[in-house]
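The sequence shown begins at 81 in our numbering and counts up one residue at a time.
From the three backbone atoms N, C-alpha and C, an ideal C-beta is built for every residue, glycine too.
Some notes on the structure that comes next.
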Amino acid sequence: MISRVAENCFWLQRYMERAESTARLLTVTRSFLLDVRVPELEQWEPVIVVSGEADRFHERFPEGASNDAETVQAYLVWDEQCPVSLWSSIRWARENARTIREVISLEMWEAINALWHWLKGGPGRRLYVRDREAFYQRIKDSAALFQGICHSTVRHDEPFDFMRLGMLLERGAQTARLLDVKYHLLGPMQVSETETPVESAQWMALLRSCSAEHSYFRRRQSGLTGPGVAAFLLKEEDFPRSVAHCLGRALRSLRRIEETTERRDLPSSIQLQALGDGLREKSMEEVLEEGLHAQLTATIDATARVCDAVHADYFNPTLPA
81 MISRVAENCF
91 WLQRYMERAE
101 STARLLTVTR
111 SFLLDVRVPE
121 LEQWEPVIVV
131 SGEADRFHER
141 FPEGASNDAE
151 TVQAYLVWDE
161 QCPVSLWSSI
171 RWARENARTI
181 REVISLEMWE
191 AINALWHWLK
201 GGPGRRLYVR
211 DREAFYQRIK
221 DSAALFQGIC
231 HSTVRHDEPF
241 DFMRLGMLLE
251 RGAQTARLLD
261 VKYHLLGPMQ
271 VSETETPVES
281 AQWMALLRSC
291 SAEHSYFRRR
301 QSGLTGPGVA
311 AFLLKEEDFP
321 RSVAHCLGRA
331 LRSLRRIEET
341 TERRDLPSSI
351 QLQALGDGLR
361 EKSMEEVLEE
371 GLHAQLTATI
381 DATARVCDAV
391 HADYFNPTLP
401 A
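Structural data, given as structure tokens:
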């Protein structure tokens with residue numbers, strides 16, 4: 081398999097997952113602000129910070145723009161210069177799909193093409209203005225549909241493994257970002273046996289933003305607590321959006337790629353295994369003692385380094401002398 085095709089497969093699913101996660105990020109922020117009073121100057125700045133766009137945003141917009149809900153949402157939805165906006169993510173997902181039409185199924189192409197034309201045409205913009213929550217839900221539903229079509233209509237061979245790898249690495253990092261939103265909005269987590277009604281509403285909003293409400297209560301019947309939600313989204317290996325699950329399944333995909341290419345123990349797999357093992361071996365008590373924000377930031381940064389290593393190992397490999 082040539083490296084260009086592998087890279088397109090990897091980025092196709094990364095971009096689709098990124099689009100869905102950006103919609104989730106904006107949804108959970110809106111939900112939080114309905115449930116808690118946050119100073120106006122601190123309401124939307126965390127979204128820019130968590131999305132990794134603080135420097136770029138502040139270079140382009142005047143002081144105070146990051147505190148305006150409409151400015152921030154427009155930037156993360158429509159801005160063509162923002163690499164994590166819905167517009168950019170879906171556009172580049174479609175472009176990657178277009179270049180590997182021989183690899184993906186017809187149904188995959190039709191799904192991404194329909195989403196792109198809906199977004200850039202009148203229907204998408206009208207829904208954004210009329211019903212913001214429905215707009216974000218449409219993005220999430222379309223991304224889920226695309227993932228399901230991919231899983232059920234293409235061969236589960238090397239291209240599929242690169243698609244899965246890109247999706248899982250992106251999803252793990254984005255779940256960490258969603259969890260980090262609460263830190264940036266409300267400060268460090270306070271460990272307690274009981275939650276106030278407002279705190280419970282915030283944690284419930286976070287679970288719903290990750291489609292985790294049902295799974296959480298099946299797993300943790302003792303009730304809703306901040307540490308419980310954090311542990312579930314970070315370490316619950318049976319939940320498909322938890323960080324631990326994503327890292328573990330990403331490693332499986334990478335091992336399959338190593339077997340197919342007969343190239344073992346490359347830096348990407350070594351780093352990914354170390355990242356997953358480190359998260360698995362650290363208890364939640366240790367995570368909270370050291371600081372949840374610090375753990376999430378370290379996980380996001382380490383996942384980015386794994387992605388860089390995948391690029392070096394497979395998409396731009398150094399040929400032996």
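Expressed to the nearest angstrom, what Euclidean distance is found between the alpha-carbon atoms of residue i and residue j?
| i | j | result |
| --- | --- | --- |
| residue 400 | residue 349 | Interpretation of residue 400 is limited by its pLDDT of 47, a score under 50 that renders its predicted location unreliable; the figure taken from the coordinates is listed afterwards. The alpha-carbon atoms of residue 400 and residue 349 are separated by roughly 19 Å. |
| residue 189 | residue 171 | 13 Å |
| residue 186 | residue 227 | 14 Å |
| residue 292 | residue 310 | 12 Å |
| residue 334 | residue 276 | 43 Å |
| residue 362 | residue 202 | 49 Å |
| residue 248 | residue 329 | 7 Å |
| residue 169 | residue 326 | 20 Å |
| residue 262 | residue 387 | 26 Å |
| residue 317 | residue 359 | 11 Å |
| residue 243 | residue 235 | 12 Å |
| residue 303 | residue 295 | 12 Å |
| residue 237 | residue 231 | 11 Å |
| residue 162 | residue 219 | 17 Å |
| residue 305 | residue 148 | 31 Å |
| residue 204 | residue 323 | 31 Å |
| residue 366 | residue 308 | 14 Å |
| residue 321 | residue 142 | 36 Å |
| residue 195 | residue 215 | 12 Å |
| residue 364 | residue 278 | 23 Å |
| residue 99 | residue 154 | 14 Å |
| residue 222 | residue 213 | 14 Å |
| residue 229 | residue 144 | 42 Å |
| residue 240 | residue 331 | 14 Å |
| residue 342 | residue 158 | 42 Å |
| residue 344 | residue 181 | 29 Å |
For residue i versus residue j, is the C-beta distance shorter than 8 Å?
| i | j | result |
| --- | --- | --- |
| residue 183 | residue 85 | yes |
| residue 314 | residue 245 | no |
| residue 389 | residue 351 | yes |
| residue 193 | residue 95 | no |
| residue 166 | residue 199 | yes |
| residue 252 | residue 383 | yes |
| residue 151 | residue 127 | no |
| residue 111 | residue 280 | no |
| residue 83 | residue 395 | yes |
| residue 146 | residue 160 | no |
| residue 164 | residue 139 | no |
Quick one: measure Cβ to Cβ for residue i and residue j, integer angstroms, because I've assumed they're closer than 8 Å.
| i | j | result |
| --- | --- | --- |
| residue 88 | residue 233 | With 8 Å as the limit, residue 88 and residue 233 do not qualify as a contact, their Cβ atoms being about 17 Å apart. |
| residue 457 | residue 102 | The question about residue 457 has no answer, for the chain in this structure spans 81 to 401. |
| residue 256 | residue 380 | 5 Å |
| residue 92 | residue 173 | 6 Å |
| residue 131 | residue 114 | Not confirmed; about 20 Å, so no contact. |
| residue 301 | residue 97 | Wrong, their Cβ atoms sit about 30 Å apart, outside the cutoff. |
For residue i, verify whether its CB is less than 7 Å away from any heavy atom of the ligand ZN.
| i | result |
| --- | --- |
| residue 367 | Ligands in the displayed structure: none, and consequently the ligand ZN is not present. |
Query raised in the report: Are there three or more Cβ pairs, one per stretch, closer than 8 Å when the region 351-361 is compared with the region 277-291?
Result: Counting Cβ pairs under 8 Å, fewer than three are found: no touch.
Requested in this report: Kindly confirm or deny that the region 364-374 and the region 335-348 touch, where touching means at least three C-beta pairs closer than 8 Å.
Outcome: With a cut-off of 8 Å, the region 335-348 and the region 364-374 do not count as touching, because too few Cβ pairs lie within range.
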